[in-house]
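S.K.:
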Amino acid sequence: MRADNTRHIVAAARHRHEYTRAKAVQALREAEKSGTPVTFDAVATAAGVSRSWLYTQPDLRAEIERLRAASQRAPGGPVPIRQRASDASLLRRLEAASTHSRQLAEENHRLRDQLARALGEQRSARSLEPANPPAVVSARQRSARAEQPPEQRQEPC
366 MRADNTRHIV AAARHRHEYT RAKAVQALRE AEKSGTPVTF DAVATAAGVS
416 RSWLYTQPDL RAEIERLRAA SQRAPGGPVP IRQRASDASL LRRLEAASTH
466 SRQLAEENHR LRDQLARALG EQRSARSLEP ANPPAVVSAR QRSARAEQPP
516 EQRQEPC
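Residues in the sequence shown are numbered consecutively from 366, following this note's numbering.
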């Protein structure tokens, strides 16, 4: 009678399963880190496993579906982990934008006040001018007069 060697076969199968899972997890991490699209086919190819095997692993399947959905929501494709903004960074950018917006609003208000004063001074200056201002001769009128013979020219009073 032969000796029972099934424990060695079971141990080898367990080892192969763990090694295959480790390759699949590593392929997932690399895809997420590099920002490449995460699909079952891409992960299976990178890990050297079959797509059908990935579908049978609930945790790997859920992670692939989560990453795939996140990359589809992001405009312009997924962003690598190193390039993603942290919450603190986003808060600082928001504060800077708010400060800049407030400064622009203050400058806009100040410029509107200056314009209102300048228009008021212009209106006041016009109301103080004499009723019959001296005639202003434009360059076009002067050149037209110069082309006329001297006896037809009418000089302004």
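Heads up, the beta-carbon is just placed ideally off N, CA and C, and yes, glycines get one too.
(1) Could you name the residues of the same chain whose beta carbon sits closer than 6 Å to that of Ala-392, not counting the 5 residues immediately before and after it, in chain order?
(2) Using three-state DSSP, classify Asp-369 as helix, strand or coil.
(3) If you run the structure through DSSP and keep just helix, strand and coil, what is Gly-400?
(4) Does DSSP put Gln-468 in a helix, in a strand, or in coil?
(5) Roughly how many angstroms separate the alpha carbons of Tyr-420 and Ala-376, rounded to a whole number?
(6) Following the continuous alpha helix (DSSP H) through Ser-417, name the residue where it begins and the one where it ends.
(7) Is the distance from the Cβ of Ile-429 to the Cβ of Val-390 below 8 Å?
(8) Classify Leu-469: buried if its beta carbon has 16 or more other beta carbons within 10 angstroms, exposed otherwise.
(9) Enumerate in chain order the residues of its own chain whose CB-to-CB distance from Leu-456 is below 8 Å, with the five nearest sequence positions on each side excluded.
(10) Quick one: residues in its chain with C-beta nearer than 6 Å to the C-beta of Asp-424, no 5 flanking neighbours on either side, listed in chain order?
(11) Roughly how many whole angstroms lie between the Cα atoms of Asp-452 and Lys-388?
(12) Kindly indicate which three-state DSSP category Ala-411 falls into: helix, strand or coil?
M.R.: The relevant details are as follows:
(1) Same-chain partners within the cutoff: Val-408, Ala-411 and Ala-412.
(2) Asp-369: coil per DSSP, three-state reduction.
(3) Three-state DSSP puts Gly-400 in coil, outside helix and strand.
(4) Looking at Gln-468 - three-state DSSP - the assignment turns out to be helix.
(5) Each residue's Cα considered, the two are about 23 Å apart.
(6) That run of the alpha helix (DSSP H) goes 416-421.
(7) No. Outside cutoff.
(8) Burial check for Leu-469: the Cβ neighbour count within 10 Å stays below 16, so the residue is exposed.
(9) So no residue of the chain qualifies.
(10) The answer is none, since no qualifying residue turns up.
(11) Cα atoms of Asp-452 and Lys-388: separation of roughly 31 Å, rounded to the nearest angstrom.
(12) Correct three-state label for Ala-411: helix.
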